[in-house]
Amino acid sequence: MGMTRRSFLGASGGLLGFLGLDLGAAAIAADEKAAALARCRITTSICPYCGVGCGLLVMSEERGGRRAVVHVEGDPDHPINEGALCPKGSSLVQLANGEKRLRKVLYRAPGATDFVEKDWNWAAREIAKRIKATRDATFVEKNAQGQTVNRTTAIASVGSAAMDNEECWLYQKMLRGLGLVAIEHQARLCHSSTVASLAASFGRGAMTNHWIDIQNSDCILIMGSNPAENHPLSFRWVMKAKEKGATVICVDPRFTRSAAAADIYAPLRAGTDIAFLGGMIKYILDGDLIHKDYVLHYTNASFLVKEGFAFDEAAGVFSGYDPQTRKYNAETWQYQLDEAGEPRKDPTLQHPQCVYQLLKKHYARYTLEKVSSVTGTPVADLKRVYEAYSRTGAPDKAGTILYAMGWTQHTVGTQYIRTMAVVQLLLGNIGRAGGGVNAMRGESNVQGSTDHALLFHILPGYLKIPTAPQQTLEVYNAQGAPKTIGKLSANWWQNYPKYAVSFLKAMFGDAARKENEFGYAWLPKIEAGANHSWLAIFDEMYRGNVKGFLCWGQNPACSGANAHKTRAALAKLDWLVNVNIFPSESGWFFQDRNLRDPETDKPIRPEDIKTEVFVLPCAASLEKEGSLTNSGRWMQWRYKAAEPPGDARPDAEIMNLIFREIRKLYATEGGKCPEPILNLKWDYFDEKGEFDPHAVAKEINGYFLEDVKVGDQTFRKGQLVPGFANLQADGTTSCGCWIYCGSYTDKGNMAARRRREDPSGIGLYPEWSWCWPVNRRILYNRASVDLQGRPWDPKRPTLAWKDGKWVGDVPDGPWPPMAVDPEKTKYPFIMCNEGHARLFAAGLADGPFPEHYEPLESPLERNPFNGQMVNPATKLWKGPADKCSECGSKEFPYVCTTYRLTEHWQTGVMTRHTPWLLELQPQLFVEMSWELAREKGIRPGDQVRVCSKRGAVTAIALPTARLKPLVVMGRTIHQVGLPWCFGWKMPEDGSGGDSANLLTPNVGDANTMIPESKVFLVDINKLDTRKHPQAAL
Amino acid sequence: MSKAVLVDLTRCIGCRACQVACKEWNRLPAENTRFRGLGGGYENPPALTGKTFTRITFHEVVGANGALERSVFVKRQCMHCLEPACASACPVTALEKVKANGSSLGPVIYHPDRCMGCRYCMLACPFNVPTLQWDRVVPYIRKCTFCFDRQTRPIACTEVNGTGLSDESRGRYSAALQTPACVKTCPTGALQFGEREALLLEARRRIAERRKTGGGWQYVDHIYGEKEVGGTSWMYLSSVPFEKIGFRTDLGERPYPSYTLPAIKAVPGAVLGVGAVLGAAYWLSQRKGEKSEKKETAKV
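These protein sequences, in sequence, are chains H and L. Count along the first sequence starting at 1, add 577, and that's the number in our numbering. Count along the second sequence starting at 1, add 74, and that's the number in our numbering.
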């Protein structure tokens, strides 16, 4: 008998398969799989999840006339992940082929309970009509002072860090062409405080080093972050550092999966990191553990500050504070300058007005005992951390900080980061391998989306958004370029006008001419000091002042602090356009059974919601070509592996569909201020509407628009600009984003490079992709050498001056070392107008030195460090939906923090739709100490209600030894923690729980308005699931 | 000459990339799970099943005063024993320690077409690994395959993005595409794939090196799987005693088949021997019968 068991099964498999019985004959499947993989085309891409930017190998094949992804694994050639991937990256095939991928354009009519399907032409026309109608009805050409502002605040946009660089740049172009100013996205919520803080400290607001460089560190401080969980491939390099003998320190309210690998773990009360680090500053200064030469020559430690500067401990404010406006006048924070305009300095660091002595004085209060009492960290733990970390003050040692939301998302977020910047400068850790301030960004292209300015207050390349009083380009340029302080300061920002004009040429092309100030009047202008940040947008939306909303690749219903207010705000819109790859709580907000009025707590029903909702299906990352920039500033090119499903389209093409219709309407019907729309340079699509990402990438890099002579080099018209040093302020060059100049040149697409050579030996990989600025891998690297140009650590040289030139990384400014050529040299921090890094930073809204303030919702009734409870310079929202608990509240006695999990990502729209990831983390849980659990009669696995003044969620209790009660100011304080990745939309039975942002307060940082999602007060009680079945999971 | 994996538990961060990569490579569906806080952490799914070939268990090692000493994450999967109990117990050779040129390649593989569903393998395995597809009408045994298909029929990659790879890259890709999916995807390199002997040397080197440099992560001076049940292909290093993190330390060093091998080896001899004895007894009794018949016939 020729029939084997296998062929019998194979034959009957068909029948039984039909009957729904899958026999899983593994051997047959294996052969088929091998055959399928052998047929595949292999392309590379970059993971769409966190900001590490891991390389992928994507295998795809034709299936039913459409190219589909068959298998994804790590790219072995990629220098960061070397073939490895975290669970999210490993699951990408399920994301690409997800059953619930949006495939059709959907429309929800006012009052409707569900969507109906539509087509693209209809959607483009209808959306364009609404944009035009709302814009024309609300456009402000001249403000009340008669100044030309050309803006509308009635249309707002959020999104997206998930888009490619080319799409981000195009999107900001389209929005600004339309006159929008309320433009925000993920970056506001995640690292806006980083940008302000690092720019104020060093000159640029980005991660100073890069991922692979972590391996070069002698001491890694993990604080305000959890990289093992949220940037898993960063931990590959942490482990390598450990193998080489590095000490890993983890400071966190919870003992996390990062803490599990740390040599030293110290707990602390959420919201007290400035106290903790202030104590470290005092420890370093008291022990004279500073890197003396570095501090003296490269920081502003020796600079004298004006005599009027002071900190009033009783009032808790610096000099110059106006309690009415809650703002500082920074006059008394300025340097003393001599007659020649040079800053007065004391190289002995003894003068009472020198920054060094002021620093010592400021942190004298941050004793071990005081810090321990405020943070709850035992004194022994503080000492252990301080002692280990401050050893990196030795010139040949380097320490690095890995931080993220635990630091950024506070009312004092900018100052948290500033405190560490001060520590790093005192220890001489900035600008060198293994050192730096490593701000770990959380989305695959949030660095790019920030660089390309999807934020209200900037233009691409961190140019400033023009304000109403800046009525001419001349005034705008003059105010954009800071004054040089000190003749040896490069003050690179003095080139501001070149970048601004080149940007305008990229925006308006030939229509931007000298005669019309290159179209400057067409750029929308905000009122001076106006706030159009995330919290402000949703407040305006809640008040009914925002009529139309573009929610593009973001999920504010789950990511917005005080989510009940955010969700209720969506219900007040006239129209909402939601672009995404999966259904989300935002696009489907009207179906939320828990949607309620935050003031009355009454449910808002779909029939009462007039908002028209347009859901547009877009392509996922594997389905389009373009570049994205990881947290280490590496701009990486990725390729299209598959077609988007159904009617889904790449974001850029969706923008074009809509913008083309808008242009048509304005061309035929006229309307308010049509010039910026009609004159916007928009030639990146062919007649079929297909997008050419290379065209935009080149636009961003920039062109010579005429023959231009720069120095002794002549460039021809049409040539790509090789670097931003060649950009001009006279309209002869264009450049979409000056810091990306050099990324796409006559030598080709630099971002697409895949060369594995690393001559440095310290993991720079100078020809793998391209990084901004000018492919400089470690920022401020001229501070990694002494005045003679010799590396502080010859074993890990970032840069060295040899035979009259720099060797190693791209030097941060070509000038020779300070002692080698004192005439031609420039100070190493070229983006600071005084050329020195700032221990004392006068440009921030809430003080030149970080000071401990309590969070908005604090368990204490007074601030132990000074007479001011909350950051005195931050805006407090006091509307009826802006509820907050009182400090020391009995109603909400526990401190709550929020966090992420390895297995999910951000609001979970992508990962909750990936079954392999939902399997790992299926439901919302709350972690608490065993002590608290026993006090409240809560057992592991119980369903509990966690509530704040703003809202409540049901979660599954996880009592754990990884959280312990802390003794703070003599009292026992309990802390609990919630992951925030869940949402009611998926799993569809609601068993996953909802977003922790229903509990968080809508208050922001004083400089950037990043919400304080990391600390607030809650109560927690066991849920009686029989009494409240609707609240159960 | 046998492939093995060294699992360094001091490098595992419990991310579960291995779990997902395994499901991805083997096209296994997700399970419907609930949050249970197993192991004081995030364990899920709660057991190895027909849909889950590997999983991470979470362990919190707590000191006498209730303080957390260590949080440890342990990868569980088939140990691919050098002399597998499952292969020995299986009556129909559905489980096989693959050999080539007389020496084992590493994987213990399963032939579903030979399986008769008796589940002796499940009873025999000291690590409780093989599981049955309880939810199927015709269930098979399922377990980690050690990515036998990746090892023996790797994806061939000579170009990416339409461009040929350099020789150096080609070598790198080739090695990576032959590596088991879990090992390749591990972010921190907690899993290392290679020849068993070389991995044992590496393990001993790590233990000695760490002792020399000091610090708090001293390995327990034992390579789990070096000798247990006669040696396994998946071996572990830990800085926490193995019995505290869910490893059986009572298994002994004898390969499990060796317990029954003497008895089974004796079977042919016993069959022949007993057969011979019974045959002799029969012959004797026949002869006895013939003799008495003759006597009877003679009388007449």
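The beta carbon of each residue, even a glycine, is placed where N, CA and C say it ideally should be.
Between residue i and residue j, what straight-line distance do the alpha-carbon atoms span, to the nearest angstrom?
i                          : j                          : result
threonine 991 of chain H   : proline 1405 of chain H    : 23 Å
alanine 1229 of chain H    : leucine 873 of chain H     : 50 Å
tryptophan 1378 of chain H : cysteine 218 of chain L    : 55 Å
histidine 987 of chain H   : isoleucine 1042 of chain H : 25 Å
aspartate 795 of chain H   : glycine 1412 of chain H    : 28 Å
glutamine 1131 of chain H  : tryptophan 1111 of chain H : 12 Å
cysteine 260 of chain L    : leucine 633 of chain H     : 14 Å
alanine 836 of chain H     : arginine 144 of chain L    : 9 Å
proline 809 of chain H     : cysteine 663 of chain H    : 6 Å
asparagine 1233 of chain H : glycine 642 of chain H     : 26 Å
serine 879 of chain H      : glutamine 913 of chain H   : 11 Å
aspartate 1571 of chain H  : arginine 1353 of chain H   : 43 Å
leucine 600 of chain H     : glycine 124 of chain L     : Low confidence applies to leucine 600 of chain H: its pLDDT is 36, below 50, so where it sits in the model is not reliable enough to give any reading.
valine 1530 of chain H     : cysteine 1558 of chain H   : 13 Å
alanine 759 of chain H     : glutamate 1504 of chain H  : 37 Å
aspartate 899 of chain H   : arginine 1489 of chain H   : 47 Å
alanine 340 of chain L     : cysteine 155 of chain L    : 24 Å
List the whole-angstrom C-beta distance separating residue i from residue j, where the pair is believed to meet the contact cut-off of C-beta under 8 Å.
i                         : j                          : result
leucine 1576 of chain H   : valine 1595 of chain H     : 6 Å
isoleucine 841 of chain H : arginine 961 of chain H    : 5 Å
alanine 1067 of chain H   : isoleucine 1407 of chain H : 4 Å
proline 1432 of chain H   : glutamate 1589 of chain H  : 6 Å
glutamine 1552 of chain H : leucine 1540 of chain H    : 6 Å
Do the CB positions of residue i and residue j come within less than 8 Å of each other?
i                             : j                          : result
glycine 1456 of chain H       : proline 1499 of chain H    : no
glycine 630 of chain H        : glutamine 1213 of chain H  : yes
asparagine 1207 of chain H    : glutamine 1048 of chain H  : no
arginine 1173 of chain H      : proline 1183 of chain H    : no
isoleucine 1062 of chain H    : asparagine 1015 of chain H : no
glycine 1390 of chain H       : arginine 1359 of chain H   : yes
lysine 1526 of chain H        : proline 1160 of chain H    : no
glutamine 266 of chain L      : leucine 80 of chain L      : yes
asparagine 1574 of chain H    : glycine 1019 of chain H    : no
glycine 111 of chain L        : histidine 133 of chain L   : no
phenylalanine 1281 of chain H : threonine 1322 of chain H  : no
isoleucine 826 of chain H     : tyrosine 626 of chain H    : no
Per DSSP, residue i is paired with what?
i                         : result
aspartate 1596 of chain H : H/Cys1524
proline 1180 of chain H   : H/Arg1173
glycine 250 of chain L    : At residue 250 of chain L the sequence reads alanine, which differs from the glycine that was named. Answer by DSSP bridge pairing: none, since alanine 250 of chain L is not bridged.
alanine 1529 of chain H   : H/Cys1524
Quick one: list the residues of chain B neighbouring residue i, beta-carbon separation under 7 Å, in chain order.
i                       : result
arginine 227 of chain L : Among the protein chains of the structure shown, namely H and L, there is no chain B.
Just to confirm, does residue i get its C-beta within under 7 Å of one of the non-hydrogen atoms of the ligand FAD?
i                         : result
isoleucine 791 of chain H : Looking for the ligand FAD in the displayed structure turns up nothing, as the structure carries no ligands at all.
Taking beta-carbon pairs under 9 Å, can you tell me which members of the region 1471-1503 of chain H lie near chain L? Leu1478, Thr1479, Glu1480, Thr1491, Pro1492, Trp1493, Leu1494, Leu1495, Glu1496, Leu1497, Gln1498, Pro1499, Gln1500, Leu1501 and Phe1502
Residues, ordered as in the chain, of the region 649-673 of chain H that lie near chain L by beta-carbon distance below 9 Å: Val649, Glu650, Gly651, Asp652, Pro653, Asp654, Asn658, Glu659, Gly660, Ala661, Leu662, Cys663, Pro664, Lys665, Gly666, Ser667, Ser668, Leu669, Val670 and Gln671
Check distances from the C-beta atoms of the region 211-225 of chain L to those of chain H and list, in chain order, the residues that come in under 7 Å. Val211, Val212, Tyr214 and Asp223
Anything in the region 1223-1247 of chain H with a Cβ closer than 7 Å to a Cβ of chain L? List those residues in chain order, please. none
Can you give me, in chain order, the residues of the region 810-822 of chain H that have a beta carbon less than 7 Å from any beta carbon in chain L? Leu810, Phe812, Arg813, Met816 and Gly822
Output, in sequence order along the chain, the residues in the region 829-848 of chain H whose CB is closer than 8 Å to any CB in chain L. Phe832, Arg834, Ser835, Ala836, Ala837, Ala838 and Asp840
Please list the residues of the region 98-110 of chain L that have a C-beta atom closer than 9 Å to any C-beta atom in chain H, keeping them in chain order. Along the region 98-110 of chain L, the positions whose C-beta sits under 9 Å from a C-beta of chain H are Glu98, Trp99, Asn100, Arg101, Leu102, Pro103, Ala104, Glu105, Asn106, Thr107, Arg108, Phe109 and Arg110, read in chain order.
Using a Cβ-Cβ cut-off of less than 7 Å, give me the residues of the region 1536-1551 of chain H that come near chain L, in sequence order. Thr1537, Ala1538 and Arg1539
Contact residues within the region 142-166 of chain L, judged by C-beta distance below 8 Å to chain H: Leu142, Arg144, Ser145, Val146 and Phe147
Where the region 794-808 of chain H meets chain L: residues whose CB sits under 8 Å from a CB there: Ala805 and Glu806
Residues of the region 257-282 of chain L with Cβ closer than 7 Å to any Cβ of chain H, in chain order: With the criterion set as a beta carbon lying under 7 Å from some beta carbon of chain H, the members of the region 257-282 of chain L are Lys258, Thr259, Cys260, Pro261, Thr262 and Gly263, in sequence order.
Listed in chain order, which residues of the region 1176-1198 of chain H have Cβ atoms closer than 7 Å to some Cβ of chain L? none
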